[in-house]
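Residue numbers (our numbering): 2 to 340. The C-beta atom is built at its ideal place from N, Cα and C for all residues, glycine as well. As the structure is a prediction and not an experimental result, all values here were calculated from the model. Let me begin by presenting the structure, written as structure tokens, before commenting on it.
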Amino acid sequence: MDVINGTNVDGTLLQVWGCEIPAAVNQQFEYTAYGDNHLAWSTTGKCVDLPGGNMTNGTQIQVWDCNGAEDGNNQIWDTGYMYNATPTTSEPNQSGHNACGTTSSQTSTCQTLWMNDADDFCLWAPPKTGTIGDTERDEVAWCTKGGHGTRLIPDGTLTGVHFVRTPDYVQVTGVGDFTKINVAAGDGGGELDPHGADSYGNPIGGLVYGNTFSPNLQYHEWTNFISDGLFCMRACTGPNARENCQHVYDEMGCYWNMPANYDAGYYESCEGDNDLPMGVYGTSTWSQGVSPTPSAHPVASSSSCTSFASITSAPTAGAQGRLSSGARRSRHVPGKGFW
Numbered sequence: 002m003d004v005i006n007g008t009n010v011d012g013t014l015l016q017v018w019g020c021e022i023p024a025a026v027n028q029q030f031e032y033t034a035y036g037d038n039h040l041a042w043s044t045t046g047k048c049v050d051l052p053g054g055n056m057t058n059g060t061q062i063q064v065w066d067c068n069g070a071e072d073g074n075n076q077i078w079d080t081g082y083m084y085n086a087t088p089t090t091s092e093p094n095q096s097g098h099n100a101c102g103t104t105s106s107q108t109s110t111c112q113t114l115w116m117n118d119a120d121d122f123c124l125w126a127p128p129k130t131g132t133i134g135d136t137e138r139d140e141v142a143w144c145t146k147g148g149h150g151t152r153l154i155p156d157g158t159l160t161g162v163h164f165v166r167t168p169d170y171v172q173v174t175g176v177g178d179f180t181k182i183n184v185a186a187g188d189g190g191g192e193l194d195p196h197g198a199d200s201y202g203n204p205i206g207g208l209v210y211g212n213t214f215s216p217n218l219q220y221h222e223w224t225n226f227i228s229d230g231l232f233c234m235r236a237c238t239g240p241n242a243r244e245n246c247q248h249v250y251d252e253m254g255c256y257w258n259m260p261a262n263y264d265a266g267y268y269e270s271c272e273g274d275n276d277l278p279m280g281v282y283g284t285s286t287w288s289q290g291v292s293p294t295p296s297a298h299p300v301a302s303s304s305s306c307t308s309f310a311s312i313t314s315a316p317t318a319g320a321q322g323r324l325s326s327g328a329r330r331s332r333h334v335p336g337k338g339f340w
């Protein structure tokens, strides 16, 4: 990638050019840290910019002042991997692996997770018995369906599952006995996300994919809480992905971060509206630890639900049924731990 003639002017287009070694200044770019996520033209104050945010085929990219008039989502660039070309590991000091193949194993150390539907999703959980706080860097993927190269969630683990697709994210919530996937008995749980304090993620190198919005899409923003008896997982896309998948409210648990249906004894997949972004109340944003603590947002409406008799590692489509349009259960059952 090359800035045409090295011209340091807003609106200068980029091109491909033979790589110059050592790199000429017009070919020197660096990816900035999480929270900024810009592709910066080194030492110039310019960033790679998509004019007008235009996603039409053939739109040419340009350089523009970083955080300048053309900024917004026009300068946010996520890096990632094709689902079928994941590396062995994606971060330094990763305990597991991302190139997982398709063979399930209860000793798998796969750290690539999928979220597709109520009968095809995964959760992060310990590779061996431990608390989430002690094992958050090393969690592995446990899935309801084979074919992902992960561990399988044992039949009887999940006692309630509620999946919802909204315009901007997919979410699954529910209850169960997660000591069966190595969460220590009595553990109040914790939060997992792709960033962590060092931007390597919890677990380190954890990747998330799904087929809801497009085939084999990598989700760059996601958040997951799990304890010994309760879980919630959300994977976000679109321009508001960060707001919808906030990871700074790690002490607030599932009910506050992801108000939803957590009823035991029900297994369903629904369409729904977006929840209000966690922590945002009108024009104000609450910071964790500041008193008073605001209430959770109301549960967003959902409809067009498909019910399942149960969710097992080999679910059968014949067990499905339809709930009436507009049906929504939103009662919260008491969870364990601080949730």
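Helix, strand or coil at residue i according to DSSP, with G and I counted as helix
i	result
T284	coil
R152	strand
I133	helix
C271	strand
D11	coil
Y82	coil
N75	helix
F179	helix
N6	helix
T317	Residue placement at T317 cannot be trusted, given a pLDDT of 34 that sits under 50; what the coordinates show is reported in the next sentence. Coil, per DSSP.
Q289	coil
A198	coil
N68	coil
C20	coil
A310	coil
S304	strand
Closest Cα partner of residue i within the set the options
i	options	result
T90	G19, A100 and M83	A100
G254	P240, E272 and G280	G280
A198	C233, T307, V171 and H248	H248
A342	P299, G148, H98 and T130	Lying before the first or after the last residue shown, residue 342 is absent from the chain, which here runs from 2 to 340.
G147	P23, Q172, G239 and D121	D121
R243	Q95, N38, E92 and G131	N38
Y84	S302, P293, T284 and S215	S215
D135	V173, D188 and D50	D188
G202	P23, T238, V141 and G230	V141
A185	P128, V26 and L218	P128
Q219	G239, A24, C233 and R152	G239
S109	N94, E31 and R152	R152
L231	G161, Q107, P93 and E222	G161
S346	G175, E192, S200 and Q107	Summary: the structure shown does not reach residue 346, with the chain confined to residues 2 through 340, and so no result is reported for it.
F30	M2, C144 and Q95	M2
8 angstroms contact criterion, which residue i and residue j should meet: CB distance rounded
i	j	result
I205	R138	5 angstroms
I133	I154	Contact flag wrong, Cβ pair sits at about 16 angstroms.
R166	E272	6 angstroms
L159	N225	Not confirmed; about 15 angstroms, so no contact.
N74	G46	In fact, because the Cβ distance is near 20 angstroms, the residues do not count as touching under 8 angstroms.
I62	L15	5 angstroms
V49	L40	4 angstroms
G150	T87	Rounded, the Cβ-Cβ distance is 10 angstroms, inconsistent with contact.
M234	Q172	7 angstroms
Proximity of residue i and residue j at Cβ, strictly below 7 angstroms
i	j	result
W42	V17	no
I312	Y263	no
A236	F164	no
N212	N117	yes
D169	N258	no
L114	V209	yes
W287	P293	no
D251	F179	no
H221	D11	no
A297	Y256	yes
S314	D194	no
**Item:** Ranges of the alpha helix (DSSP H) found wholly within the region 25-64, counting only runs of at least 4
**Value:** Scanning the region 25-64 from its first residue to its last, no whole alpha helix (DSSP H) run of 4-plus residues comes out.
**Item:** Length at least 4, wholly inside the region 208-277: the alpha helix (DSSP H) runs in chain order
**Value:** Segments of the alpha helix (DSSP H) lying fully in the region 208-277: 242-245 and 254-258.
**Prompt:** Which ranges does the beta strand (DSSP E) cover as unbroken runs of at least 3 residues, wholly within the region 88-119, from first to last along the chain?
**Reply:** Whole beta strand (DSSP E) segments, 3+ residues: 113-118.
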